[in-house]
Amino acid sequence: SPTKDFETALRTGRGIKLIAEIKAASPSIGVLREGLDPVALALEYQRAGATAISVLTDEKFFHGSLSNLEEVRKTVDLPLLRKDFIIDNYQLYEARVAGADAVLLIARLLDKKTLETFLELAGQLGLACLAEVHTEEELKKVLDTHARLIGINNRDLDTFKVDLNTTLKLLPLVPVDRIVVSESGIHNRKDVQCLEEAGVRAILVGEALVRSKDVASKIKELLKNNSK
Numbered sequence: 001s002p003t004k005d006f007e008t009a010l011r012t013g014r015g016i017k018l019i020a021e022i023k024a025a026s027p028s029i030g031v032l033r034e035g036l037d038p039v040a041l042a043l044e045y046q047r048a049g050a051t052a053i054s055v056l057t058d059e060k061f062f063h064g065s066l067s068n069l070e071e072v073r074k075t076v077d078l079p080l081l082r083k084d085f086i087i088d089n090y091q092l093y094e095a096r097v098a099g100a101d102a103v104l105l106i107a108r109l110l111d112k113k114t115l116e117t118f119l120e121l122a123g124q125l126g127l128a129c130l131a132e133v134h135t136e137e138e139l140k141k142v143l144d145t146h147a148r149l150i151g152i153n154n155r156d157l158d159t160f161k162v163d164l165n166t167t168l169k170l171l172p173l174v175p176v177d178r179i180v181v182s183e184s185g186i187h188n189r190k191d192v193q194c195l196e197e198a199g200v201r202a203i204l205v206g207e208a209l210v211r212s213k214d215v216a217s218k219i220k221e222l223l224k225n226n227s228k
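The opening residue of the sequence shown carries number 1 in our numbering; numbering runs sequentially from there.
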């Protein structure tokens with residue numbers, strides 16, 4: 001079946017868009033939610049107004065799996081992002097077969113030529129790419145390709161420290177025709193407002209949702225003014 005249009009979903013309609021993430025654990029914290037049920041969580045995300053869902057498929061650090069992605073695909077209609085350490089083109093085929101509509105490409109793991117090859121192949125497979133950067137140097141590399149969705153990770157992957165200023169600092173360097181997704185360290189309405197006012201079009205939130213006792217009201221809090 002054809003993929004759902006991840007990019008258009010982020011571009012259309014008003015207000016900041018939420019990519020809600022399914023992750024059972026993280027390297028910085030450990031287990032985030034015991035016995036996490038990916039399908040039940042995906043349904044909660046969909047009902048509460050997420051625009052897309054990110055599914056971690058890395059087993060080693062995030063306790064994820066491709067089968068989680070497959071199960072979620074059978075259950076929800078939203079576009080799905082495969083979040084993993086993608087370093088081989090085989091993983092793009094794998095993502096497509098499992099039901100992903102988009103994949104994460106981490107700029108620091110890939111040289112420019114590989115990045116371009118993956119973007120090209122993903123396009124042929126009907127997959128959108130979220131190209132993730134943390135530094136100005138990585139951003140320059142990504143902007144030299146035709147990547148249209150730029151993820152700015154506020155977390156330093158070496159120290160695990162999180163700083164929303166990472167997004168605020170890099171955002172002005174991104175041409176307006178590209179979409180910026182701010183990732184990591186977004187916990188409350190104040191964080192979202194700060195990013196929204198700066199011109200961020202979408203946010204990727206995992207930890208704050210997965211650890212929340214009431215997912216729906218957490219999403220409502222983050223997206224407060226979107227229904228107006």
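We put the beta carbon where it would ideally sit given N, CA and C, even for glycine.
6 Å Cβ shell around residue i - same chain, five flanking residues per side excluded
i       : result
Ser-227 : Because the pLDDT of Ser-227 is 49, which lies under 50, any placement of that residue in the model is unreliable, and the number read from its coordinates should be weighed accordingly. Correct list: empty, nothing qualifies.
Leu-12  : The residue you asked about is not Leu; residue 12 is Thr in the sequence shown. For Thr-12, where only same-chain residues beyond five positions count, there are no Cβ hits under 6 Å.
Ile-186 : Ile-203, Val-205
Leu-168 : Ala-198
Asn-153 : Glu-132, His-134, Glu-183, Ser-184
Where residue i sits in the DSSP three-state scheme
i       : result
Leu-204 : strand
Ser-227 : Summary for Ser-227: the model assigns pLDDT 49, below 50, so the residue's position carries little reliability; its value from the coordinates is reported in the next sentence. In the structure shown, Ser-227 sits in a helix (DSSP, three-state: H, G or I).
Ser-234 : Beyond the ends of the chain as shown, which are 1 and 228, falls residue 234; an answer cannot be given.
Asn-153 : strand
Ile-16  : coil
Arg-178 : coil
Val-215 : helix
Val-55  : strand
Val-76  : coil
Arg-11  : helix
Leu-81  : strand
Beta-carbon contacts of residue i that lie in its chain and below 7 Å, excluding the five residues immediately before and after
i       : result
Leu-119 : Cys-129, Thr-145, His-146, Ala-147
Asp-58  : Gly-64, Asp-84, Phe-85
Thr-75  : Val-39, Ala-42, Leu-43
Leu-222 : Leu-18, Arg-189, Val-192, Val-205
Beta-carbon proximity list for residue i, same chain, < 8 Å, skipping 5 on both sides
i       : result
Arg-231 : The chain is shown from 1 up to 228; residue 231 falls before or after that span and cannot be answered.
Val-215 : Leu-41, Glu-44, Tyr-45, Ala-48, Leu-209
Val-174 : Leu-139, Leu-143, Ile-150, Val-180
Exposure of residue i, with buried meaning 16 or more beta-carbon neighbours within 10 Å
i       : result
Arg-211 : exposed
Phe-160 : exposed
Pro-2   : exposed
Minimum Cβ-Cβ distance from residue i to chain B less than 9 Å
i      : result
Lys-60 : The structure shown contains no chain B; it is built from a single protein chain.
### Message
Extract the residue ranges of the alpha helix (DSSP H) inside the stretch 102-137, only unbroken runs of 4 or more that lie entirely within it.
### Response
112-125
### Query
Counting pairs of Cβ atoms below 8 Å between the stretch 90-109 and the stretch 66-82, do you hit three or more?
yes
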